[in-house]
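Residue numbers (numbering that gives the first Met the number 0): 0 to 322.
Working notes, beginning with the structure itself.
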Amino acid sequence: MFCILTVMENKLKTEKSNMTTITEFVLLGFSDIPNSQWILFGIFLVIYLTILMCNSIIILITRIDPVLQTPMYFFLNNFSFSEICYVTTTVPRMLMDLLTQKGNISLVACAVQMCFFLIIGGSECLLLTMMAYDRYVAICNPLHYPLVMNHKVCVQLAIAAWVGAAPAVIGETYQIFSLPFCGSNTINHFFCDIPPVLKLACGDTFLNEVTVCVVTVVYIIVPFLLIVISYGKIIANILKISSASGRAKAFSTCSSHLIVVVLFYGTGIFTYFQPKTNQSEGTGKVISLFYTVLIPTLNPIIYTLRNKDIMMALRKLLSSLLR
């Protein structure tokens with residue numbers, strides 16, 4: 000009997016030791032294709048610099064061009080800055096791992112990366128909602144537009160978008176990293192995202208998964224539904240415009256934003272609303288590449304190529320620089 004108790008005690012001590020010895024994770028990234036590390040480093044470096052440059056140009060021209068001093072471009076300015084922050088939470092770390100071929104990351108650094116990534120992602124969801132509301136007021140209530148969307152209101156909406164997701168995300172991140180981690184410490188991903196980190200947690204993660212779903216509903220689904228409702232009313236009002244040129248102009252002011260919304264929300268909903276048991280690690284990594292790298296690359300292109308005011312402001316900027 001004494002021997003059995005001793006064995007059980009030693010086993011419990013061993014399990015406790017295993018649960019507390021993990022002080023860092025290892026991000027596998029793209030180690031499954033070792034011969035392509037340098038190629039991927041070059042590709043992602045070019046993409047990252049392109050995102051920084053394109054969004055910085057949008058921020059610059061929306062600040063200095065008098066024509067672009069409107070609420071629509073004020074929110075676009077904020078969205079472009081959030082895109083820079085968004086990719087900076089993941090891509091530099093990914094580039095460093097590709098360069099050093101090491102993916103070691105402490106639990107604290109992993110938690111910080113996850114927290115900032117989710118806060119900025121939530122802010123982008125809310126900013127896209129504010130942009131939809133701006134278009135709704137402009138098209139459905141044009142006479143009151145200057146009053147409703149005055150500068151003070153725009154600043155308040157932007158601040159709400161930037162800080163609105165922080166409390167829930169900080170609580171969610173704390174809840175996840177309060178879990179014990181034992182066994183393997185390798186994350187088959189290129190950054191600390193919720194699904195792959197939760198897979199390494201010991202014990203029951205049901206409450207954490209419920210929390211993820213609740214936060215996803217509040218910061219992704221609800222804003223998305225508000226955008227859908229706004230565009231439903233916008234389209235209904237556009238169809239009432241008698242002239243074809245008027246309808247085309249109204250649609251053109253909304254089309255860029257609508258494309259970005261579909262791309263951004265589509266991948267976000269697919270990632271965070273799918274149960275972790277149903278999502279393979281390879282699929283999750285590919286989807287993550289879409290919403291962390293590819294879509295932020297496309298967004299400034301979509302907004303510039305489909306917006307005559309921005310293209311004109313860009314031409315003026317280039318002509319002034321080439322003089």
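Even glycine gets a Cβ: it sits at the ideal position worked out from N, Cα and C.
Put residue i into one of helix, strand or coil per three-state DSSP.
{"i": "ASN77", "result": "helix"}
{"i": "SER16", "result": "Low confidence applies here, because SER16 scores a pLDDT of 43, under 50, leaving its location unreliable and the question unanswered by this model."}
{"i": "THR87", "result": "helix"}
{"i": "MET0", "result": "Low per-residue confidence applies at MET0: pLDDT is 40, beneath 50, and the placement is therefore not dependable enough to give any value."}
{"i": "THR185", "result": "strand"}
{"i": "ILE32", "result": "coil"}
{"i": "PHE24", "result": "strand"}
{"i": "LEU11", "result": "Low local confidence applies: a pLDDT of 38 at LEU11 is under 50, so the model's placement there is unreliable, with the coordinate-based value given in what follows. Here LEU11 sits in helix by DSSP."}
{"i": "ASN103", "result": "strand"}
{"i": "PHE43", "result": "helix"}
{"i": "PHE176", "result": "helix"}
{"i": "LEU59", "result": "helix"}
{"i": "ARG322", "result": "coil"}
{"i": "ASP64", "result": "coil"}
Give a yes or no on whether the C-beta atoms belonging to residue i and residue j are separated by under 8 Å.
{"i": "ILE219", "j": "CYS124", "result": "yes"}
{"i": "VAL285", "j": "ILE46", "result": "no"}
{"i": "LYS178", "j": "ASN207", "result": "For the record, residue 178 in the displayed sequence is Leu; it is not Lys. Yes; because the gap between Cβ atoms is below 8 Å, this pair is in contact."}
{"i": "SER105", "j": "PRO299", "result": "no"}
{"i": "TYR135", "j": "SER229", "result": "yes"}
{"i": "ASP64", "j": "ALA247", "result": "no"}
{"i": "THR128", "j": "PRO222", "result": "yes"}
{"i": "PHE180", "j": "ALA110", "result": "no"}
{"i": "GLY283", "j": "PRO166", "result": "no"}
{"i": "PHE263", "j": "ILE294", "result": "yes"}
{"i": "VAL168", "j": "ILE118", "result": "yes"}
{"i": "PHE116", "j": "THR88", "result": "yes"}
Cutting at 7 Å between CB atoms, please list the residues of its own chain near residue i, excluding the five before and the five after it.
{"i": "ASN9", "result": "The predicted position of ASN9 is uncertain, since its pLDDT is 42 and thus under 50; no value can be drawn from it."}
{"i": "ASN236", "result": "ILE138 and CYS139"}
{"i": "ALA249", "result": "ILE138, ILE237 and ILE240"}
{"i": "GLN174", "result": "ASN207 and THR210"}
Apply the 10 Å Cβ neighbour rule to residue i and answer buried if 16 or more other Cβ atoms are within range, or exposed otherwise.
{"i": "ARG62", "result": "exposed"}
{"i": "ILE3", "result": "Residue placement at ILE3 is poorly supported in this model, since its pLDDT is 38, which falls under 50; the coordinates still yield a value, given next. With fewer than 16 Cβ atoms within 10 Å of its Cβ, ILE3 is classed as exposed."}
{"i": "SER244", "result": "exposed"}
{"i": "ALA131", "result": "buried"}
{"i": "TRP161", "result": "buried"}
{"i": "PRO141", "result": "exposed"}
{"i": "PHE1", "result": "Interpretation of PHE1 is limited by its pLDDT of 35, a score under 50 that renders its predicted location unreliable; the figure taken from the coordinates is listed afterwards. Result: exposed."}
{"i": "LEU11", "result": "Low per-residue confidence applies at LEU11: pLDDT is 38, beneath 50, and the placement is therefore not dependable enough to give any value."}
{"i": "ARG92", "result": "buried"}
{"i": "GLU23", "result": "exposed"}
{"i": "ASN149", "result": "exposed"}
{"i": "ASN306", "result": "buried"}
{"i": "SER122", "result": "buried"}
In chain order, what residues of the same chain have a beta carbon less than 8 Å from the beta carbon of residue i, not counting five sequence neighbours either side?
{"i": "ASP96", "result": "LEU26, GLY28, GLY102 and PHE189"}
{"i": "THR49", "result": "THR296"}
{"i": "CYS301", "result": "Reading off the sequence, residue 301 comes out as Ile, not Cys. SER255, ILE258 and VAL259, listed in sequence order."}
{"i": "VAL147", "result": "VAL136 and ASN140"}
{"i": "LEU75", "result": "ILE57, THR61, MET130 and TYR302"}
{"i": "ASN77", "result": "LEU126, ALA157, ALA160 and TRP161"}
{"i": "SER183", "result": "LEU199"}
Under 6 Å Cβ to Cβ from residue i, same chain only, skipping five residues before and after it: list those, please.
{"i": "ILE158", "result": "none"}
{"i": "ILE32", "result": "none"}
{"i": "LYS315", "result": "none"}
For residue i, verify whether its CB is less than 7 Å away from any heavy atom of the ligand NAP.
{"i": "PHE289", "result": "Only the bare structure without any ligand can be found here, which leaves the ligand NAP out of the picture."}
Exercise for the section: Please specify which runs of the alpha helix (DSSP H), each continuous and at least 4 residues long, are wholly inside the stretch 196-278, giving them in chain order. Expected result: For the stretch 196-278, the full-length alpha helix (DSSP H) segments reaching 4 residues or more read 205-215, 221-237 and 243-271 along the chain.
Exercise for the section: Please specify which runs of the alpha helix (DSSP H), each continuous and at least 4 residues long, are wholly inside the stretch 92-161, giving them in chain order. Expected result: Annotation note: the stretch 92-161 contains the following uninterrupted alpha helix (DSSP H) runs of length 4 or greater, listed N- to C-terminal: 106-139 and 144-147.
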